[in-house]
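Colleague: Quick one: the structure is below, and I'll ask about it shortly.
Protein chains: 2
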Amino acid sequence: MANNNRLCYDTGKLAMKSLLKDTFKLAEQLLQLEQDNATMPRHDVGTLSSQLSLELPQHGATQDQVFAKMSAVLRATPQTSSPRFLNQLFGGRQNYAAAADMLTALVNVSMYTYKAAGAQILVEQQLVQHMAKFAGFTNAEGIICPGGSMANFVGMMMGRDRANPSFREHGSDGRQHTFYVSDQSHYSVDKAAAMLGVGRANVRKISSDNRGRMNADDLAKVIETDIANGCVPCAVIATCGTTVLGAFDPLKQIASVCRKHDIWLHADGAFGGPALLHRQHRDLLDGIEYADSLTWDAHKVMGVPLTCSMLLCQHQGKLSKSVQQDAEYLFQVDHEDLNPGLRSIQCGRRNDAFKLWAAWQALGDNGWHQRLEQQFKLATFAADYIEQSPNFELCQRPDYLTICFKVYGVDVVELCEQLHVSGEALIGHANVRGDQVMRLVAVNPEISTSDLQRLFENIVAKQTSIISA
Amino acid sequence: MANNNRLCYDTGKLAMKSLLKDTFKLAEQLLQLEQDNATMPRHDVGTLSSQLSLELPQHGATQDQVFAKMSAVLRATPQTSSPRFLNQLFGGRQNYAAAADMLTALVNVSMYTYKAAGAQILVEQQLVQHMAKFAGFTNAEGIICPGGSMANFVGMMMGRDRANPSFREHGSDGRQHTFYVSDQSHYSVDKAAAMLGVGRANVRKISSDNRGRMNADDLAKVIETDIANGCVPCAVIATCGTTVLGAFDPLKQIASVCRKHDIWLHADGAFGGPALLHRQHRDLLDGIEYADSLTWDAHKVMGVPLTCSMLLCQHQGKLSKSVQQDAEYLFQVDHEDLNPGLRSIQCGRRNDAFKLWAAWQALGDNGWHQRLEQQFKLATFAADYIEQSPNFELCQRPDYLTICFKVYGVDVVELCEQLHVSGEALIGHANVRGDQVMRLVAVNPEISTSDLQRLFENIVAKQTSIISA
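Chains A and B, in that order, give the protein sequences.
Quick note: the first sequence uses the numbering used here, first residue 1, plus one each step.
Quick note: the second sequence uses the numbering used here, first residue 1001, plus one each step.
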């Protein structure tokens, strides 16, 4: 392509080809680093800042200089696919999803209209319909949201707008609106209540049983009291896979309470939704077909790069009822099914569909089952090991993929810190029934039993040295 | 790395190396396609669906099969960096940003804590501080949001929570809360008002002048009436670069109204924020230093892959005041500055910082100025051309990068559709003072004057054929 009609500024597509070569080279180096690196080092902030010189310059730099800087930053970024990264509800890498997401960055579209995003809109539609089938949603619509918190927000908003149809147009009428969630729930529910104009204080925390599952009888009582007091219940948020214990609220019983009082049931399956893909363990979400909406993250248990949060709704038309806004300059052609911008809280929206679709093409439903099977096996292995060890105490047999355990005689906060500083593992702690415990997350199916064994041995070594100090 | 301790499931990092090769090959092919492709074809939905067979399978597929499928989908995705893609407020590709974003997909972190994201947190901090300097924000904090709509949402929420500090905790007290925005504003303001529990009907649409700028006198009157009637004004949203005309509201006058009544001023610079990087045209945002918060998208005018929306706040501590939520299992170490999850409406958050940082390293402040200079030149070239043509009528000389014009004797909706179907251009239409006009967007600095000339010739040819038909 001739550049002779450029007014002056000149980079261009030929340059991208050269960048692509360097990008690929750096990507290969980073993969090699992952294999060689036996540690997960913690960098001191001050040291890192001065080493990297991250300041944004007045003058530009050469390609080599920029790639050298990028390389340095990426090497100082935690390797989330390392078997030593056990800190979050994500870890590891679904390779096809990563490859597809790299291409997504190159082929940059915005997911509001078919006019602007073409085939990618159909890709997202396939995901909505297929995932809805696993949830038993027969009349589904859906949208990929930027993270599970935002998906929960949308689910809760649909509940709010159904409970009080004038809220969207006129705001609150001053009555007390309420949400219901277990005391083990994710903090995004409180956040969303604040954002939605319902208020954090109006999120009722329902008691949970000794395995962290919402007590449905308590739920019924609290709702009845609230209704008697003139409150407007907006939604119950059932957690499918709590953050700490991996507990699944009893959906059937909760749904029956919701049905009785005509309240929206949103299921927060950000962590636990993928269990629907396992042929036996899908029982954890027994009753999900009675939910009105469901959050299902693919970027946690399914290994897809962040973020990829599917929000499914059981009733077609509800999403647009809560979020639709005319924009004559944007939504110009095509049936509204093809313009998901009408169902999104966003306007410009990144394509988070293609990566999940690519992974699904590679794995098929069966591959996801196998992947989950492996994750469950790892969780079982870890729980067995802990039970048999004299140094630990298992908090409870895991229903899902988090394993919480006490480490005798030490402060686990200090222990986690030491493991991080030494580069042995990035792992977190949590509070279970008043005890500080370690929380191991078995979401990376690439981890081997020897990785876990090494982890436990490292923990014991640290434990011994702390106690004897 | 030995696989002998795997329980069964087996993919692994060696596989990723092989995928990386195929990814790179496909990326090169896609770039070649962009150069060869003289058209921007519209695919019929039905035909496309049946050609691509996008269904999610029960059984997985081989690497070759998956890449063949990915390739087919990507080839049926609009080429947003084509010089014929003129439909949106984004277009073209900042090459370094694209390269960095590809690496981001591989090096997958979540931007809530320094513990989990390391150096990437410092990268985002640099962007916040540097961009704040251009806005004249002296005590800034900020967070990258998933799109301009969400950044506006956060800015408006901070206004709401300042106007009525009990809103976050207890929801609305039933008083009428209000937002103020020009009648040319983006639809995200109405959406956000609905989400925030303020209500769409409580968004006051202030009249604009003949160039699309908010009338500050009208603003003052409407606010005074509202206050007299007991309303609670939450925020004024000034638009810096409207979607259709590219108009900039008069910030100084608006700020003085806000100051008088102690109302939060949010500046929606999703489109126009980058003008701050141009040494002369930064005057368009004269008075921005009086704003309390600012939305500034890097994925529109700056060519960074979607999404990259900076939300800056003038007052440190306000962001966390509106969104912070304790999560003991997550925020375990480090100073809160290093844990941006405390300032985000999201929990898991994609790394949208690295790509902008990489582009900035390559261009420097000066490079951004030059890029904008080129965009302004293209807009001027287009406006001149239209003014001199007997076939068109320019709606107004552009202040910024959108050029609206009438095409004599034809329905522009039909004209846009014909250009799309023929593959000559993807371009949109808009309503300006009751007329349907074409809207040309000069955001892709790679476009040459001959590209624009060809576009105008294509339009005239279609115009002639429609009129003579």
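Yeah, the Cβ is synthetic: ideal placement off N, Cα and C, and Gly gets one too.
A quick note: this is a predicted structure, and the numbers were derived from the prediction, not measured.
(1) Enumerated in chain order, which unbroken segments of the alpha helix (DSSP H) with a length of 4 residues or greater are wholly contained in the stretch 207-295 of chain A?
(2) Do the stretch 1227-1238 of chain B and the stretch 1246-1257 of chain B touch if we need at least three Cβ pairs shorter than 8 Å?
(3) For L1499 (chain B) versus E34 (chain A), is the C-beta spacing smaller than 9 Å?
(4) Looking at the structure shown, is C347 (chain A) part of a helix, part of a strand, or coil, going by DSSP?
(5) Could you run through the stretch 154-172 of chain A and flag, in chain order, every residue whose CB is less than 7 Å away from some CB of chain B?
(6) As a quick exercise: from A:E446, A:Q324, A:L86, pick the residue whose alpha carbon is nearest that of Q470 (chain A).
(7) State the beta-bridge partners of N431 (chain A) as determined by DSSP.
(8) Closest to G91 (chain A) by CA distance: which of A:G212, A:C416, A:T402, A:G409 is it?
(9) Using the Cα positions of A98 (chain A) and K318 (chain A), report the straight-line distance between them to the nearest angstrom.
(10) Consult DSSP for I403 (chain A) and reduce its assignment to one of helix, strand or coil.
(11) So with Cβ pairs under 9 Å, would you call I1223 (chain B) a contact of chain A?
(12) Is the CB-CB distance between Q314 (chain A) and C231 (chain A) below 9 Å?
(13) Report the residue from A:F153, A:C308, A:Q126 whose alpha carbon sits nearest the alpha carbon of V323 (chain A).
(14) With distances taken from CA atoms, which of B:L1455, B:A1425, B:C1395 is nearest V1432 (chain B)?
(15) Quick one: what does DSSP say H470 (chain A) is sitting in, helix, strand or coil?
(16) Quick check on A2 (chain A): does DSSP put it in helix, strand or coil?
(17) Start and end of the beta strand (DSSP E) containing G1142 (chain B)?
(18) Let me see if you follow: with CB-CB separation under 9 Å, is Y1187 (chain B) close to chain A or not?
(19) Assign G148 (chain A) to one of two classes, buried (16 or more other C-beta atoms within 10 Å of its C-beta) or exposed (fewer than that).
(20) Find the residues of chain A that neighbour F1134 (chain B), judging by a C-beta separation of less than 8 Å, and give them in chain order.
(21) Less than 7 Å between C-beta atoms, sequence neighbours within five positions excluded: which residues of the same chain meet that for M1001 (chain B)?
(22) Which residues, taken in chain order from the stretch 67-81 of chain A, show a beta carbon closer than 7 Å to some beta carbon of chain B?
(23) Pull up the CB-CB distance for Y112 (chain A) and L330 (chain A), whole angstroms please, since I reckon it's below 8 Å.
(24) In angstroms, rounded to a whole number, what distance separates the CA positions of L56 (chain A) and Q1126 (chain B)?
(25) Reducing DSSP to helix, strand and coil, say where C1395 (chain B) ends up.
(26) Does DSSP put D1173 (chain B) in a helix, in a strand, or in coil?
(27) According to a CB-to-CB cut-off of less than 8 Å, which residues of the stretch 353-369 of chain A neighbour chain B?
(28) Helix, strand or coil, according to DSSP, for C416 (chain A) in the structure here?
(29) Measuring straight from C-alpha to C-alpha, what distance separates Q1453 (chain B) and D1384 (chain B)?
(30) Between L1440 (chain B) and W1368 (chain B), what straight-line distance do the alpha-carbon atoms span, to the nearest angstrom?
(31) Looking at C-beta atoms only, is the number of pairs between the stretch 1397-1413 of chain B and the stretch 1370-1388 of chain B that lie closer than 8 Å three or more?
(32) Look up K1205 (chain B) in the DSSP assignment and give the residues it is bridged to.
(33) Pop quiz: L1419 (chain B) and N1458 (chain B) are said to be a contact at Cβ under 8 Å. What is the actual Cβ separation, rounded to whole angstroms?
(34) Under a Cβ-count criterion, where at least 16 other Cβ atoms within 10 Å of its own Cβ denotes burial, should T464 (chain A) be classed as buried or exposed?
(35) Residues of chain A with a CB under 8 Å from the CB of L1086 (chain B): which are they?
(36) In this structure, how does DSSP classify M310 (chain A) when only helix, strand and coil are distinguished?
Modeller: Concretely, from the data shown:
(1) 216-228, 251-261
(2) Put simply, the stretch 1227-1238 of chain B touches the stretch 1246-1257 of chain B. At least three CB pairs are less than 8 Å apart.
(3) Because residue 1499 (chain B) is not part of the residues shown, which for chain B are 1001 to 1469, the question remains open.
(4) As a working mapping, residue 347 (chain A) is identified with position 347 in the first sequence. Note: C347 (chain A) maps to coil in three-state DSSP.
(5) Of all residues in the stretch 154-172 of chain A, only M157, F167, R168, E169, H170, G171, S172 place a beta-carbon less than 7 Å from a beta-carbon of chain B.
(6) This structure cannot settle anything about residue 470 (chain A), because the visible part of chain A is limited to 1 through 469.
(7) Your numbering for residue 431 (chain A) matches position 431 in the first sequence. According to DSSP, N431 (chain A) bridges with A:Q436.
(8) The sequence position of residue 91 (chain A) within the first sequence is 91, counting from 1. Out of A:G212, A:C416, A:T402, A:G409, A:T402 has the C-alpha closest to the C-alpha of G91 (chain A).
(9) Residue mapping note: residue 98 (chain A) aligns to position 98 of the first sequence, counting from 1. Residue mapping note: residue 318 (chain A) aligns to position 318 of the first sequence, counting from 1. Approximately 32 Å, taken between the alpha carbons.
(10) Sequence index remark: in the first sequence, residue 403 (chain A) carries index 403 (1-based). Of the three classes helix, strand and coil, the one that applies to I403 (chain A) here is strand, per DSSP.
(11) Position 223 of the second sequence, counted from the start, is the residue given in the question as residue 1223 (chain B). False, the Cβ-Cβ gap to chain A never drops below 9 Å.
(12) Position 314 of the first sequence, counting from 1, holds the residue named residue 314 (chain A). Position 231 of the first sequence, counting from 1, holds the residue named residue 231 (chain A). Against a cut-off of 9 Å, the Cβ pair of C231 (chain A) and Q314 (chain A) comes out as no contact.
(13) Indexing the first sequence from 1 puts residue 323 (chain A) at position 323. Ranking the options by Cα distance to V323 (chain A), first place goes to A:F153.
(14) Taking the first residue of the second sequence as position 1, residue 1432 (chain B) is located at position 432. When each option's Cα is compared against that of V1432 (chain B), the closest is B:C1395.
(15) There is no way to answer for residue 470 (chain A), as the model of chain A reaches only from 1 to 469.
(16) Locating residue 2 (chain A) in the first sequence gives position 2, where the first residue counts as 1. Reliability fails at A2 (chain A), whose pLDDT of 39 lies under 50, so the model's placement of it is uncertain and no value is given.
(17) Indexing the second sequence from 1 puts residue 1142 (chain B) at position 142. Element bounds for G1142 (chain B): 1141-1145.
(18) Against the second sequence, residue 1187 (chain B) aligns to sequence position 187. Interface flag for Y1187 (chain B) against chain A is set, since a Cβ pair is found closer than 9 Å.
(19) Locating residue 148 (chain A) in the first sequence gives position 148, where the first residue counts as 1. By the neighbour-count rule (16 or more Cβ atoms within 10 Å), G148 (chain A) is buried.
(20) Mapped onto the second sequence, residue 1134 (chain B) falls at position 134. Correct list: empty, because the minimum Cβ distance to chain A is about 10 Å.
(21) To locate residue 1001 (chain B), count along the second sequence from 1; it is residue 1. Caution applies to M1001 (chain B), whose pLDDT of 37 falls short of 50 and renders its modelled position unreliable; the model cannot decide the point.
(22) Sequence-ordered contacts of the stretch 67-81 of chain A with chain B read K69, M70, V73, L74, A76, T77, P78, T80 [C-beta pairs closer than 7 Å].
(23) The residue labelled residue 112 (chain A) in the question sits at position 112 within the first sequence. The residue labelled residue 330 (chain A) in the question sits at position 330 within the first sequence. With 8 Å as the limit, Y112 (chain A) and L330 (chain A) qualify as a contact, their Cβ atoms being about 6 Å apart.
(24) Your numbering for residue 56 (chain A) matches position 56 in the first sequence. Your numbering for residue 1126 (chain B) matches position 126 in the second sequence. In a straight line, the C-alpha of L56 (chain A) is about 7 Å away from that of Q1126 (chain B).
(25) For the purposes of this step, residue 1395 (chain B) is taken as the residue at position 395 of the second sequence. Reduced to three states, the DSSP call for C1395 (chain B) is coil.
(26) As a working mapping, residue 1173 (chain B) is identified with position 173 in the second sequence. Three-state DSSP puts D1173 (chain B) in coil, outside helix and strand.
(27) F354, K355, W357, A358, W360, Q361, A362, L363, G364, D365, N366, G367
(28) The sequence position of residue 416 (chain A) within the first sequence is 416, counting from 1. If DSSP states are grouped into helix, strand and coil, C416 (chain A) belongs with the helices.
(29) Within the second sequence, numbered from 1, the residue matching residue 1453 (chain B) stands at position 453. Within the second sequence, numbered from 1, the residue matching residue 1384 (chain B) stands at position 384. Approximately 11 Å between the Cα atoms of the pair.
(30) Position 440 of the second sequence, counting from 1, holds the residue named residue 1440 (chain B). Position 368 of the second sequence, counting from 1, holds the residue named residue 1368 (chain B). So the alpha carbons of these two residues sit roughly 22 Å apart.
(31) yes
(32) In the second sequence, counting from the first residue as 1, residue 1205 (chain B) sits at position 205. DSSP lists B:V1181 as partners of K1205 (chain B).
(33) Here residue 1419 (chain B) refers to the residue found at position 419 of the second sequence. Here residue 1458 (chain B) refers to the residue found at position 458 of the second sequence. At roughly 6 Å, the Cβ-Cβ gap stays under 8 Å, so L1419 (chain B) and N1458 (chain B) are in contact.
(34) Sequence index remark: in the first sequence, residue 464 (chain A) carries index 464 (1-based). T464 (chain A) is exposed by the Cβ-count criterion.
(35) Taking the second sequence and counting its residues from 1, the one referred to as residue 1086 (chain B) is at position 86. Under the 8 Å cutoff, chain A gives no residues; its nearest Cβ is about 11 Å from L1086 (chain B).
(36) To locate residue 310 (chain A), count along the first sequence from 1; it is residue 310. M310 (chain A) falls in the strand class under three-state DSSP.
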